[in-house]
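What follows is one structure encoded as structure tokens, with my remarks underneath.
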Amino acid sequence: MTTKYRKTQLVIVAEAALEKALVRDACALGAQGWTVVDVRGAGREGVREGAWEADRTIELKLICDEAVADAIAEQVMARYAADYSVSLTFSEVRVLRPDRF
Amino acid sequence: MFDVVVLFFGLGVLARWVKSDLRLPEALYETLSIYLLLAIGLKGGLELSRQPLAALLPEVAACLAMGFLIPFLLYPLLRALKLPAPDAAAVGAHYGSVSVVTFAVATATLTRQGIAYESHAPLWVAVLEGPGLVAGILLARRAQRGSAVAQGAPGSRWSELLHDVLFGKSVLLLLGGLAIGAVAGDGGVAPIAAVFITPFKGMLALFLLELGLVAGARLAEVRRFGLAVAVIGLGAPPVLALVGAAVGWALGLSTGGVAVLATLAASASYIAAPTAMRIAVPQANAALSITAALGVTFPFNIVIGIPLYIELAKRLGP
């Protein structure tokens, strides 16, 4: 049986305008890697179709230690939640090479 | 009669209105916007290669000043409409900056009517993109002095903002196209003219179809914001067109040139400005600025405004 290690996956859905800032913050707080995909959808603030620049939404996926995920989430809430729509979810994932996350 | 490209815009709005499933792939939108910026730049660059650059300095200086001052001109008016300070600053920035597609429709209309304009006009577009954004940010900062921007928040660094404005895709591609056109000249551009020059108007039509879809969605938002957005979207362009026409007239531009500068002053950015303002003035209501700029002002300008501005330029004489 392959050995697997527990890590926390933090998924942040946010306006595309925030991508650079979010990635910078996450890396500064200890995230070793990140994945971004363009998404579209709707929330309390309305529909975001992603058809043009100002209407784009991203999903930033980070896999890291729980403490790092918590620190990133705290900072995101403090810096951006007041003025931007952001949504954060946590889940437990299992990885094969823990030193990479 | 409208220019044919405007009809494509109408088709896009109609498609949205009847809830059609028509949707242009995002990659096509991106490709078309890059194409239009480069092609507009290239065409202007060809003309630039025939001119002494120093002769253009007064025009560049006037455009810089005009773009920078428009938000300051609009700010008190917007505040009088009871807009909160960050919103007034952000809306001002959108109108201080310019819409490249409005420019393209104006020049297409002039060409069709046989009215000459300065072929290096794309240089004005590139120069006008940035100053309005900087002015909008200054206004927002001035209004929120005391409640300092959170340390490390995305919009707090000037160097980063200037970088994003100067090297953002619109300015980069316009200036890049201008430089390539100027360096390569007619002979150099001839082999790529089949892509960048000849099919331009067809591409513009396709892009306007997409913009119609986007603006159509915004039209529905107009009701949400009510009278303020209609007053801004319909009121700002004619006032600003007068400013642009006056500047063009003072610079001694041709009739077409005056019409182009009036159109540029009247137009509002919906590519560079929303992105820059979202980062620099996060407290501002982004939907308000975009609805005014794209939902109201853009259709107004391409349908009613441009013919008016051309008429105004004709009245002012050469």
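So the protein lines, in turn, are chains A and B.
Quick note: the first sequence uses numbering that gives the first Met the number 0, first residue 0, plus one each step.
Quick note: the second sequence uses numbering that gives the first Met the number 0, first residue 0, plus one each step.
Backbone N, C-alpha and C fix where the C-beta goes; we use that ideal spot for every residue, glycine too.
Look at B:Leu-212: its C-beta is under 8 Å from a C-beta on chain A.
Straight-line spacing of the CA atoms in B:Arg-314 and B:Tyr-308 works out to 10 Å. Sorting B:Leu-177, B:Leu-205 and B:Pro-190 by C-alpha distance to the C-alpha of B:Thr-30 places B:Leu-205 at the top. The criterion of a C-beta distance shorter than 8 Å is not satisfied by B:Leu-72 and B:Ala-87. Looking at the DSSP output, B:Val-97 sits in no beta bridge, so it has no partner there. At a Cβ-Cβ threshold of 8 Å, B:Ala-240 and B:Ala-261 count as neighbours.
Straight across, the Cα-Cα distance linking B:Ala-61 with B:Phe-102 is about 18 Å.
Beta-carbon to beta-carbon, B:Ala-279 and B:Leu-160 are separated by about 6 Å, close enough to satisfy the 8 Å threshold. For A:Asp-82, the neighbours in chain B by C-beta distance under 7 Å run, in chain order, Pro-281 and Gln-282. Rounded to the nearest whole angstrom, the CA to CA distance from B:Gly-247 to B:Trp-157 is 31 Å. It is roughly 35 Å from the alpha-carbon of B:Val-238 to the alpha-carbon of B:Leu-27. The alpha carbon of B:Val-242 has as its nearest neighbour, out of B:Arg-49, B:Ala-189 and B:Gly-95, the alpha carbon of B:Gly-95.
With respect to chain A, the C-beta atom of B:Arg-140 has no partner C-beta closer than 8 Å.
When beta bridges are read from the DSSP output, A:Thr-7 appears opposite A:Cys-63 and A:Glu-91. According to DSSP, residue pairing for A:Glu-14 in a beta bridge involves A:Thr-56. Interface with chain A (8 Å Cβ-Cβ cutoff): B:Ala-285 is included. Between the C-alpha atoms of B:Val-59 and A:Cys-26 there is a straight-line separation of about 41 Å. Residue-level contact check: A:Glu-65 does not touch chain B, since none of the beta carbons of chain B fall below 8 Å from its beta carbon. By a beta-carbon distance limit of 8 Å, B:Glu-46 contacts B:Ser-118. Their separation comes to about 3 Å. Here B:Ile-305 is buried: its Cβ has 16 or more other Cβ atoms, across all protein chains shown, within 10 Å.
The C-beta of B:Ile-270 has 16 or more other C-beta atoms within 10 Å across all chains shown, which makes the residue buried. Proximity to B:Ile-33 across B:Leu-311, B:Met-276, B:Leu-203 and B:Asn-300 peaks at B:Leu-203, based on C-alpha coordinates. Annotation: Cβ neighbours of B:Thr-274 in chain A (cutoff 7 Å, chain order): Ala-16, Glu-52 and Ala-53. A Cβ of chain A is located within less than 8 Å of the beta carbon of B:Ile-289. Proximity of the stretch 44-51 of chain A to the stretch 72-82 of chain A falls short of the contact definition, fewer than three beta-carbon pairs being nearer than 8 Å. For A:Leu-28 against A:Ile-71, the beta-carbon gap comes to about 5 Å, under 8 Å, which counts as contact. With its beta carbon less than 8 Å from one in chain A, B:Arg-277 belongs to the interface. The C-beta of A:Gly-40 comes no closer than 8 Å to any C-beta of chain B.
B:Val-17 sits in coil when the DSSP states are folded into three classes, being neither helix nor strand. Interface residue (Cβ-Cβ distance to chain B less than 8 Å): A:Gly-49 is classified as such.
Residue pairing for A:Gly-42: DSSP places it in a beta bridge opposite A:Gly-45. In terms of Cβ geometry, B:Gly-256 and B:Ala-120 form a close pair [threshold 8 Å]. Taking the Cα positions, A:Asp-69 is about 52 Å away from B:Lys-200. Under the Cβ distance rule, B:Ile-270 counts among the residues neighbouring chain A, one pair being separated by less than 8 Å.
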